[in-house]
Amino acid sequence: MTGEAILEVRGLTMRFGGFVALDSVDAEVFEGERLGLIGPNGSGKTTMINCVSGALGNYSGTVRFRGRDLGRLKPHQRTRLGIARSFQIPRPFRSQTVRENLAITIEYATGAAGAERDDRAEEVLQSMGLGPRADAISAGLTQIEMRKLELARALAARPQLLISDEAMAGLSSNEVDELLEILFALNESGVTIVMIEHIMRAVMRFSQRIVVLDAGKKIADGEPDAVVADPGVERAYLGD
Amino acid sequence: MTRFWIGAVAVIAAGLLLAMTDIIANSFWFFAAYVVLQYVVLATAWNIMGGYMGYVNFGSAGFFAIGAYTAIVMYNLIKAPLLVMIPLSGVVCGLMGLGMGYLTLRLRGVYFAIGTLALAVVLETLMVNWDYVGGATGAYVIRPREMEPFGDYVKFLTFVMLVLAVIAVAAARWVERAKFGRGLHAIRDDELAAECAGIPTLRLKLIATTLSGFLMGVAGAPFPLYVGFVEPVSAFNLAYAVNAIAMPMIGGTTMWAGPVIGALLLGTAQQIANVTISSELNLLIVGLVLVLFVTLAPEGIVGLVRKYFGRGR
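Line by line, the protein sequences are chains A and B.
Okay, so the first sequence: first residue is 297 according to our numbering, each after it adds one.
Okay, so the second sequence: first residue is 215 according to our numbering, each after it adds one.
Structure representation (structure tokens):
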């Protein structure tokens with residue numbers, strides 16, 4: 297892979313009591329890349345995202361964003377630097393409308409206010425196809441709408457790196473395609489994307505490169521076709 | 215000037231008129247109004263944390279009492295006048311609020327609420343054992359008989375509390391409309407999601423708890439002069455904590471008008487019950503009304519009005 301690493305993870309280790317969730321993981325994401333992050337349940341994918349986004353702050357190892365060590369930076373500071381994430385289980389601001397969900401994020405993550413903020417919220421609403429639901433209270437959204445809002449809110453922060461944590465779980469195949477189109481379009485516009493996903497069809501279609509975690513260790517890293525043909529990956533998923 | 219500020223000035227002017235003249239001759243009405251206004255301040259202060267931010271404070275009585283005890287210390291030390299006591303009590307309780315804000319780092323939801331209750335109990339124990347402020351026997355504060363140009367000192371105290379209530383409500387209304395308030399709203403909905411949306415949740419929580427504590431302390435500062443005698447059981451009375459929660463819940467927690475309406479209705483009802491039935495029935499009334507509202511109108515009176523008369527603000 298050519299280009300500069302936008303995100304560089306070195307020796308990332310995370311323990312919960314005696315359980316080692318991440319064991320000295322090294323990985324990088326390159327500028328403009330579409331990276332798939334896969335692995336069996338409990339392999340540490342979400343833990344890794346939580347370390348990168350700052351939701352878990354007490355990891356050891358280093359996480360560098362554009363060459364800068366993120367150290368003990370809090371999640372909101374990382375968001376402002378340009379790292380946005382969506383949550384596996386959508387966590388909208390439930391008592392607020394879809395538009396308000398986006399407006400508050402734009403206001404705090406980018407500092408835009410007034411008409412500028414409202415215009416950008418409208419822009420994100422349109423690009424995500426949430427326009428017709430803009431004034432609905434977010435607690436009442438359908439699954440696909442919640443997932444879209446989750447991504448929309450990550451986008452509202454104007455990220456350079458978007459980490460999508462299982463945005464497609466539980467969606468129909470048409471809906472999966474719809475979200476893939478949105479992510480492709482985003483990537484076109486210059487956003488680097490890391491996609492965590494269990495739906496292999498989506499990962500294979502989307503990713504330029506795939507990183508595989510198993511039991512907290514990185515076991516493969518490369519072109520999608522090569523990775524799925526890797527005997528180690530097969531063993532992790534299917535057993536011996 | 216907006217409608218709100220015209221209203222605020224009108225309320226203060228009307229209060230000034232009533233306090234400076236003898237239109238209302240019987241000073242009982244001022245004694246009663248003082249208590250109701252004190253609850254407007256307490257309920258509004260509670261709502262900044264409990265309503266806007268979603269952190270339930272069961273320790274309002276602790277803040278109120280420390281406001282009162284700060285005033286007693288000031289009185290004992292330098293015979294400080296009321297207008298010096300009020301801001302000082304506010305600052306002391308603001309700092310306490312700041313401390314409580316750091317509690318939110320480790321405690322959420324029910325555990326936070328229990329923590330605040332424990333804080334009030336610890337503070338009460340401290341006051342019981344601190345002789346300088348009277349310990350368990352209590353402390354006397356001599357209330358001046360008169361205050362020009364109000365005449366009766368209670369009229370002056372009531373007017374001061376009215377001004378404090380207007381200040382508290384104005385502060386709550388500002389919070390509600392500012393970027394700060396929108397940030398608190400996001401914290402109430404989902405703190406981690408708020409943090410990941412770029413909202414500095416800890417800083418916002420600390421500002422909110424400090425402001426809330428400040429206003430509660432301010433509400434407690436005139437208390438020693440109002441009652442003339444303060445002892446821990448009355449200053450840390452459960453009624454303050456219960457009312458500070460019940461009033462916003464009944465009025466509605468999403469808007470500044472909620473705690474005001476709740477305090478006016480419930481506070482007045484308690485004052486009437488005090489005279490006509492018995493002072494012991496106060497909390498029973500609060501309990502019954504609270505149960506009714508929580509089950510039938512969880513968004514309070516403001517919520518009911520919005521539901522039946524559109525979303526008018």
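Just so you know, even glycine gets a beta-carbon here, dropped at the ideal spot from N, CA and C.
Nothing here was measured: the structure is a model prediction, and the numbers come from that model.
Counted as a single uninterrupted DSSP element, the alpha helix (DSSP H) harbouring R374(A) occupies residues 371-377.
Using a Cβ-Cβ distance cut-off of 8 Å, the stretch 410-427 of chain A and the stretch 466-473 of chain A are not in contact, since fewer than three pairs of beta carbons, one from each stretch, lie closer than that value. Within the stretch 402-433 of chain A, the complete alpha helix (DSSP H) segments of 4 residues or longer fall at 410-423, listed in chain order. Chain order gives no chain A residues near E513(B), where near means a beta carbon separation below 9 Å; the closest approach is about 10 Å.
Only exposed fits R497(A), as fewer than 16 other CB atoms lie within 10 angstroms of its CB. Looking at the backbone, the Cα of T424(B) and that of L331(B) are separated by about 17 Å.
Every alpha helix (DSSP H) of 4 residues or more that sits fully in the stretch 240-279 of chain B is shown, in chain order, as 242-261.
Taking a 10 Å sphere around the C-beta of W260(B), we find 16 or more other C-beta atoms and assign the residue as buried. Within chain A, the residues E403, Y404, A409 have their CB atoms less than 8 Å from the CB of K393(B), given in chain order. In the three-state scheme derived from DSSP, where H, G and I count as helix and E and B as strand, D536(A) is classed as coil. R449, A453: these are the residues of the stretch 427-454 of chain A whose beta carbon lies less than 7 Å from some beta carbon of chain B, given in chain order.
A residue is called buried once 16 or more other Cβ atoms fall within 10 Å of its Cβ, and P358(B), having fewer, is exposed. The closest CA to that of F389(A), considering only R391(B), G434(B), L398(B), V225(B), is found on L398(B). With a threshold of 16 other beta carbon atoms within 10 Å, W219(B) falls short and is exposed. Apart from sequence neighbours up to five positions away, the residues of its chain that approach A285(B) with a beta-carbon distance below 6 Å are M299, S303, A435, P438, ordered along the chain.
The bridge partners DSSP lists for F361(A) are L303(A), R364(A). Taking W470(B) as reference, the option from L321(B), S493(B), L291(B), I515(B) with the minimal CA-CA separation is I515(B). Near chain A, meaning a CB-to-CB distance below 8 Å, the residues of the stretch 408-424 of chain B are A408, E409, C410, A411, G412, I413, P414, T415, L416.
Residue burial is scored here from C-beta neighbours: S349(A) has at least 16 other C-beta atoms within 10 angstroms and is therefore classed as buried.
Secondary-structure assignment with DSSP links R311(A) through a beta bridge to V316(A). Residue burial is scored here from C-beta neighbours: F312(A) has fewer than 16 other C-beta atoms within 10 angstroms and is therefore classed as exposed.
Inter-segment contact for the stretch 239-256 of chain B and the stretch 366-375 of chain B is present: three or more beta-carbon pairs are separated by less than 8 Å. By the criterion of at least three beta-carbon pairs nearer than 8 Å, the stretch 242-250 of chain B is not in contact with the stretch 405-423 of chain B. DSSP links D461(A) through a beta bridge to I492(A).
Under the DSSP definition of a beta bridge, S356(A) partners with T309(A). Here the stretch 266-275 of chain B lies against the stretch 445-455 of chain B, with 3 or more beta-carbon pairs under 8 Å apart. Three or more Cβ pairs closer than 8 Å define a contact, and the stretch 320-337 of chain B falls short of that threshold against the stretch 409-416 of chain B.
For the C-beta of T393(A), not a single chain B residue is nearer than 9 Å; the gap to the nearest is close to 12 Å. In this structure, the straight-line span from the alpha carbon of A449(B) to that of C307(B) is close to 14 Å. Proximity of chain B to K370(A) at the Cβ level (cut-off 9 Å) is accounted for by E409, P414, T415, L416, in chain order. Within the same chain, Cβ atoms closer than 6 Å to the Cβ of P371(A) are found at S349, G350, A351, the five residues on either side in sequence being excluded. Judged by beta-carbon spacing, N397(A) lies within the 8 Å limit of R449(A), meaning their Cβ atoms are closer than that value. DSSP, reduced to helix, strand and coil, places T393(A) within a strand of the structure shown. Think of a sphere of 8 Å around the beta carbon of D403(B): the chain A residues whose beta carbon falls inside it are P388, F389, R390, S391, Q392, in chain order.
The distance from the Cβ of G315(B) to that of K419(B) is about 5 Å, consistent with a contact at the 8 Å cut-off.
By DSSP's assignment, I506(A) forms a beta bridge with G332(A), G518(A).
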